[in-house]
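> The structure's right below; bear with me while I get my questions together.
Protein chains: 2
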Amino acid sequence: MKFKEIHKDSGSKARAGLISTDHGEIETPIFMPVGTQASVKTLSPKELEDVQAKIILGNTYHLYLRPGHELIAEFGGLHRFMSWDKPILTDSGGYQVFSLKELRKIDEDGVSFQSHLDGSYHRFTPQNVLDIQRSLGSDIMMVLDECAPYPSSREYAGKSNQLTLKWAARARELYETMKPLYGYNQWLFGIVQGSVYEDLRAISAQELIKMDFPGYAIGGLAVGEPKEDMYRLTGLCTDILPRNKPRYLMGVGMPEDILESIERGIDMFDCVIPTRNARNGTVFSKNGKMVIKAARFKNDQKPIDPDCSCYTCRNFSRGYIRHLLNANEILGLRLATLHNVHFYLWLVRQARENILNNSYVEWKNNIFPFITSTIVD
Amino acid sequence: MKFKEIHKDSGSKARAGLISTDHGEIETPIFMPVGTQASVKTLSPKELEDVQAKIILGNTYHLYLRPGHELIAEFGGLHRFMSWDKPILTDSGGYQVFSLKELRKIDEDGVSFQSHLDGSYHRFTPQNVLDIQRSLGSDIMMVLDECAPYPSSREYAGKSNQLTLKWAARARELYETMKPLYGYNQWLFGIVQGSVYEDLRAISAQELIKMDFPGYAIGGLAVGEPKEDMYRLTGLCTDILPRNKPRYLMGVGMPEDILESIERGIDMFDCVIPTRNARNGTVFSKNGKMVIKAARFKNDQKPIDPDCSCYTCRNFSRGYIRHLLNANEILGLRLATLHNVHFYLWLVRQARENILNNSYVEWKNNIFPFITSTIVD
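First to last, the protein sequences are chains Z and Y.
The first sequence begins at 1271 in this note's numbering and counts up by one.
The second sequence begins at 1271 in this note's numbering and counts up by one.
Encoded structure:
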């Protein structure tokens, strides 16, 4: 992995960077659309290119269960399987497994769990999730971590943090000897945990830095804690993490969360919000969010955002999209999703441009009241 | 409506024609993808253009109920509402209403029915379905007819046929005085009925011809009768219908039905099979149909048809599409639908080319064993 900090904003910790992978370059800050089951829900790879997606995320837990990483390896890896030739990041599967609650049991060496699909028994370890991600052939792999729930006691969070660090060390060790399967490089990111406890976060970041990962993620945030905690802990972590490595805030977030986190020095984001909320009838724009399924948009002949250049806004009205969603037409899900992903990627491009101009904070303060508002007409 | 028979095949009644509408020309034979609720299910207008769709169908019954023809009129008609600037044909709504069975009551002047959506009461008459289609702004409108169920007694079919003719006359009369709403021409097709009774079919066709419609449809077939009856009655009708008007066989059908009917002089088709069957996991190709959801395609790295030039076949494997369908990913529905609609339109283009070469029957006989087979590897 090559990462370069191109420019740091003069008024904040925000930075513009460049990640180079064997599947292409990624200008940061970047948002990664989530392609859980080898598909960014409702979108084609062509559409992802059209909205200028530069890297997408795949979920190891889901892909391992269905269709299975061995099958994906038969197809030559996830890129070929899904016909996406730009970079892919895969998570470790840990987050999904720990979300299973009743269906999983954790021990010192890994976690045993039952499939949410058929109840079958499985096990993830720091080592085998790397093997799985090697088979998937992602450009960026993630270590297995325990994402402590919110709230967690200090005692639980401390123990969990130690376990995550132990697992990270094992993964780092295996990674050292791992040869990529498909002739291109795969990189491994460590994940800072520590719940909402500043000292634990600091320990986590410092210990991971000693292991020298190609990049660092911040996990265990956006799990229900107050937003101020999320922002504060994000800033604490980025103060510790090295400038010459990319920083990825996992599972974040709403447009405003992304802007706040960019200000605190985050380079990479992923979240299901633009895709999931689109399917539930909420669209985002620089003018605010809009419950486009609402009856108030029935007669509305305007596009979601008249200034937006996405296929949806260039061709379709709010009233038509509302009709499609209400009539359960798949095209409605597609058009709303396409717009939202386009908007998220537009937002991070704008952020980058303003970082390069040293105007990030001013720009953010200007746009903030709009993107956090709700459009009603 | 301008229709021109460009060339008649030397070995059959198959013909190549050209329909000219204010939204563009349509080379026939043509297949019309069905866009029931102002959307050809799962596809965007851009994709419809990519697969060379020249005209699509909208369902008056569904559009009348949701979002309502008045709303669509506010948007400037169906073309603008759904962002499709090529020709549109709308049916009369009769077929859907008569399918409601328990929820409708027919009389001399029309049919009263309850909405399948909310049970609300409505009424269609030969006159108001024209008004509705005028609001929708379709290029080709259809008269209200009664589609007699199969089987129908001769007595029922005869009475029904007379009612349909009476309604056709009323529609024709109103059409004479109707001014189009949007500045472009709208044309009205009569519909030949008569169930499986040859004399009734002949009466129906002859009476409609006297009324001098811009085009003629054959309705009431593909409703459960044996295929031989469908082919025979289609041929009987096309023997009577004038050569200088387009002939449309409603609701047909499987690829083989389309080829048989082209041979009998049909110019236009519509059917939900390519779109609906795609969503159920069946795809068509020149080599046969394929239940692509089947486990046998799990590891299959070939495209549906290696010779097919559609986006699906250029980029994705059977194994990937199978995975998407099994994982309930919308992209699977999209890719299968796109391919099927592309195939249907490829098929009618090939038919046309072979008509122009006087090789229609030979071509049909060659391709027939393939398209009617099932691909298992």
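Positions of the beta carbon are idealized from the N, C-alpha and C atoms, including for glycine.
State buried or exposed for Y/Pro1576, treating a residue as buried only when at least 16 other CB atoms are found within 10 Å of its CB.
With fewer than 16 Cβ atoms within 10 Å of its Cβ, Y/Pro1576 is classed as exposed.
> So Y/Ser1587 contacts chain Z; which residues on that side make the cut at Cβ distance below 8 Å?
Those within 8 Å of Y/Ser1587 in chain Z are Phe1345, Phe1351.
> Find out if the Cβ-Cβ distance for the pair Y/Phe1394, Y/Gly1364 is shorter than 8 Å.
For Y/Phe1394 and Y/Gly1364, yes; Cβs fall inside 8 Å.
> Counting only Cβ-Cβ distances shorter than 7 Å, please list the residues of the stretch 1543 to 1554 of chain Y near chain Z, keeping chain order.
If the cut-off is 7 Å between Cβ atoms, the stretch 1543 to 1554 of chain Y has nothing near chain Z.
> Determine, using beta carbons only, whether Z/Tyr1452 comes closer than 8 Å to chain Y.
By this cut-off, Z/Tyr1452 is not an interface position.
> Which full runs of the beta strand (DSSP E) of 3+ residues lie inside the stretch 1289 to 1318 of chain Z, going along the chain?
Counting whole runs of 3 or more residues, the stretch 1289 to 1318 of chain Z contains the beta strand (DSSP E) stretches 1294 to 1298, 1300 to 1302.
> Tell me the DSSP secondary structure of Y/Thr1330 in three-state form.
Reduced to three states, the DSSP call for Y/Thr1330 is helix.
> Does Y/Arg1566 have its Cβ less than 8 Å from a Cβ in chain Z?
Cβ-Cβ to chain Z under 8 Å: no for Y/Arg1566.
> May I ask which residues mark the beginning and end of the alpha helix (DSSP H) holding Z/Glu1498?
Per DSSP, Z/Glu1498 belongs to the alpha helix (DSSP H) from 1497 to 1510.
> What residue from Z/Arg1285, Z/Phe1273, Z/Lys1272, Z/Lys1274 has the CA that sits closest to Z/Leu1626's CA?
Looking at the Cα atoms, Z/Arg1285 is the closest of the given residues.
> So, helix, strand or coil for Z/Tyr1590, using DSSP?
DSSP places Z/Tyr1590 in helix when its eight states are reduced to three.
> Would you decide whether Z/Ala1441 is buried or exposed? Buried here means 16 or more other CB atoms lie within 10 Å of its CB.
Result: buried.
> Could you check where the alpha helix (DSSP H) with Z/Ser1369 kicks off and where it finishes?
It spans 1364 to 1369 - the alpha helix (DSSP H) in which Z/Ser1369 sits, taken as one unbroken run.
> Grab the span of the alpha helix (DSSP H) containing Z/Phe1483 for me, first residue to last.
Unbroken run through Z/Phe1483: none, as it is neither H nor E.
> I'd like to know whether the C-beta of Y/Ala1597 is nearer than 8 Å to at least one C-beta of chain Z.
Output row for Y/Ala1597: interface = yes.
> When we look at the beta-carbon of Z/Pro1639 and count the other beta-carbons within 10 Å, is it buried (16 or more) or exposed?
Z/Pro1639 should be labelled exposed.
> Residues of chain Z with CB under 9 Å from Y/Asn1569, in chain order?
Going along chain Z in sequence order, the residues near Y/Asn1569 (Cβ under 9 Å) are Leu1341, Glu1344, Phe1345.
> Taking buried to mean at least 16 other C-beta atoms within 10 Å of its own C-beta, is Y/Pro1484 buried or exposed?
So Y/Pro1484 ends up on the buried side.
> Determine the direct distance from the alpha carbon of Z/Arg1588 to that of Z/Glu1498, and round the result to whole angstroms.
Going from the Cα of Z/Glu1498 to the Cα of Z/Arg1588 covers about 34 Å.
> Would you please verify whether the beta carbon of Z/Arg1604 is less than 8 Å from any beta carbon of chain Y?
Chain Y, which has a Cβ nearer than 8 Å to the Cβ of Z/Arg1604, makes this yes.
> Can you give me the C-alpha to C-alpha distance between Z/Met1302 and Y/Ser1280, rounded to a whole angstrom?
Going from the Cα of Z/Met1302 to the Cα of Y/Ser1280 covers about 59 Å.
> Please list the partners that Z/Ile1600 has in chain Y, where partner means a Cβ-to-Cβ separation under 7 Å.
Chain Y residues near Z/Ile1600: Lys1311, Thr1312, Ile1600, Leu1603.
> Using CA atoms only, rank isn't needed, just tell me which of Z/Arg1517, Z/Met1524, Z/Arg1471, Z/Gly1428 is closest to Z/Arg1502.
Answer by Cα proximity: Z/Arg1471.
> I'd like the ranges of any alpha helix (DSSP H) spanning at least 4 consecutive residues and lying wholly in the stretch 1590 to 1628 of chain Z.
You should have 1600 to 1626.
> Cβ closer than 8 Å: which chain Y residues qualify as neighbours of Z/Tyr1581?
Per Cβ cutoff of 8 Å: Ser1314, Lys1316.
> Using the C-alpha atoms, what's the distance from Z/His1386 back to Z/Leu1370?
Taking the straight line joining both Cα atoms gives about 8 Å.
> Please determine if the stretch 1524 to 1533 of chain Y and the stretch 1587 to 1603 of chain Y are in contact, where contact requires at least 3 C-beta pairs separated by less than 8 Å.
Counting Cβ pairs under 8 Å, fewer than three are found: no touch.
> Below 8 Å, can you find three or more Cβ-Cβ pairs linking the stretch 1408 to 1421 of chain Z to the stretch 1456 to 1466 of chain Z?
At 8 Å Cβ cutoff, the stretches touch.
> DSSP puts Z/His1648 in a beta bridge; with which residues?
Nothing about residue 1648 of chain Z can be reported from this structure: the residues present for chain Z run from 1271 to 1647 only.
> If the criterion is Cβ atoms closer than 8 Å, does the pair Z/Ala1606 and Z/Ala1564 meet it?
No, they are not a contact pair.
> Can you look up Y/Thr1395 in the DSSP assignment and give me helix, strand or coil?
Coil.
> Measuring only the C-alpha atoms, how far is Y/Arg1517 from Y/Asn1624?
Their backbone Cα atoms lie some 19 Å apart in a straight line.
> From Z/Ser1579 to Z/Gly1521, what does the alpha carbon distance come to, in whole angstroms?
In a straight line, the C-alpha of Z/Ser1579 is about 26 Å away from that of Z/Gly1521.
> Quick check on the burial criterion: 16 or more other C-beta atoms within 10 angstroms. Buried or exposed for Z/Asn1635?
Exposed.
> Run down chain Y in chain order and give the residues with a C-beta less than 7 Å from the C-beta of Z/Leu1594.
Those are Ser1309, listed as they occur along chain Y.
> Are the beta-carbon atoms belonging to Z/Arg1622 and Y/Ser1314 less than 8 Å from one another?
Not closer than 8 Å, so no.
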